[in-house]
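Note sheet for the following structure.
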Amino acid sequence: MAAELAAAHGITATVIPADLAAPGAGARLVADLAARSLHVHTLVNNAGFGTYGPFGTIPLARTAQEIQLNVGTLVELTSALMPQLIASQGIVLNLASTAAFQPTPGMAVYGATKAFVLSFTEALWRETEGTGMRVLAVCPGGTDSEFGAVSGTTASPAEFGKRQSAADMVAEAMRALETTNAPSMVSGTRNRALARLVRLFPRRTAVAVSDRVMGRPRVRAGQVASSVAGSAH
Ligand SMILES: NC(=O)c1ccc[n+]([C@@H]2O[C@H](COP(=O)([O-])OP(=O)(O)OC[C@H]3O[C@@H](n4cnc5c(N)ncnc54)[C@H](OP(=O)(O)O)[C@@H]3O)[C@@H](O)[C@H]2O)c1
């Protein structure tokens, strides 16, 4: 991809492989950037994944990676790069999700990580107003990608219905960046309407509706105990 981009746009693209789900990965990446004298103007915290299934059946080690990647590294990178982002009047773009707007049974931890990303990013937007740095939380709904395969469901839970292409979703996010000063944006007309609607529901109703849409797999007795015991290895 770096070669394709370089050829198509006459740019230099540097690839730095890193497991961003490992604790401390953000700090190591920032040190690596400094060693290469690479200055960051735009930080896109895109890497993320979800775990699918009843919470008690998911190995804790996998859940910990999910939290570290979706939340821990995102915060670490934002913090470490903030001085240069402010100095260059740069951009922080954090990938949240429509899963951020209500609890997501069946993807309980994923929805919680995205609620964190949305809340954190909108607060940061306000805190950094006037610095020249642009902060935006992007909330896609179902988007064509490897997400479903990685999370272990092809039925696509939280972000269902008709999927957007990644290109359309990115184009909408770029438009929001260029034409608004909003703290967050939801891509897709239907997703925007649903995100607004769910805020009007009592919490109990929001989680019940989300549960139905997700098609939450039920917890069976014995399943939890064996899975949690398995996660110790
Ligand atoms: N697809 C959707 O419906 C949807 C909806 C709302 C929000 N989102 C969010 O959009 C973002 C992108 O997801 P996607 O849909 O494009 O899914 P994806 O196709 O599975 O892509 C995930 C990206 O994260 C990277 N990644 C995963 N684990 C990593 C790790 N440990 N270290 C470094 N990089 C890692 C992957 O890199 P490799 O390919 O190298 O593994 C890949 O570039 C995520 O934050 C996701 O939560 C997706």
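For the sequence shown, the working numbering begins at 2 and goes up steadily by one. Beta carbons are placed, not taken as given, at the ideal position from N, Cα and C, and that holds for glycine. In this text the structure is predicted, and so the values were computed from the model without any measurement.
Report yes if the C-beta distance between residue i and residue j is below 8 Å; otherwise report no.
i: residue 186; j: residue 137; result: yes
i: residue 28; j: residue 81; result: yes
i: residue 85; j: residue 16; result: no
i: residue 135; j: residue 75; result: no
i: residue 145; j: residue 174; result: no
i: residue 176; j: residue 143; result: no
i: residue 184; j: residue 126; result: yes
i: residue 97; j: residue 139; result: yes
Looking only at C-alpha atoms, which of the options sits nearest to residue i?
i: residue 110; options: 194, 53, 205; result: 53
i: residue 92; options: 66, 46, 37; result: 46
i: residue 141; options: 189, 118, 17; result: 189
i: residue 238; options: 95, 132, 112; result: Residue numbering for the chain in the displayed model covers 2 to 234; residue 238 lies beyond these limits and cannot be assessed.
i: residue 152; options: 26, 33, 56; result: 56
i: residue 87; options: 33, 131, 32, 171; result: 131
i: residue 43; options: 112, 215, 133, 214; result: 133
I need the DSSP call for residue i, collapsed to helix, strand or coil.
i: residue 132; result: coil
i: residue 89; result: coil
i: residue 160; result: Model confidence at residue 160 stands at a pLDDT of 45, short of 50, so the residue's coordinates are unreliable; what they give is reported in the following sentence. The answer is coil: DSSP assigns residue 160 none of H, G, I, E or B.
i: residue 192; result: helix
i: residue 103; result: coil
i: residue 216; result: coil
i: residue 138; result: strand
i: residue 94; result: strand
i: residue 6; result: helix
i: residue 186; result: strand
i: residue 43; result: strand
i: residue 52; result: coil
i: residue 19; result: coil
i: residue 13; result: coil
i: residue 144; result: strand
i: residue 198; result: helix
i: residue 227; result: At residue 227 the pLDDT is 47, less than 50, meaning the model places this residue with poor confidence and gives no usable figure here.
What distance in whole Å lies between the Cβ atoms of residue j and residue i, which are believed to be in contact at a cut-off of 8 Å?
i: residue 21; j: residue 48; result: 5 Å
i: residue 78; j: residue 30; result: 7 Å
i: residue 51; j: residue 108; result: 5 Å
i: residue 68; j: residue 99; result: With a Cβ gap of about 19 Å, residue 68 and residue 99 do not count as contacting.
i: residue 182; j: residue 118; result: Contact flag wrong, Cβ pair sits at about 19 Å.
i: residue 26; j: residue 19; result: 6 Å
i: residue 14; j: residue 3; result: 4 Å
Kindly indicate if chain C contains any beta-carbon less than 8 Å away from that of residue i.
i: residue 132; result: The chain inventory of the structure shown lacks chain C, comprising one protein chain alone.
Does the structure place the stretch 199-208 close enough to the stretch 96-111 that three or more beta carbon pairs sit under 8 Å?
When Cβ pairs closer than 8 Å are counted between the two stretches, the stretch 96-111 is seen to touch the stretch 199-208, the count reaching three or more.
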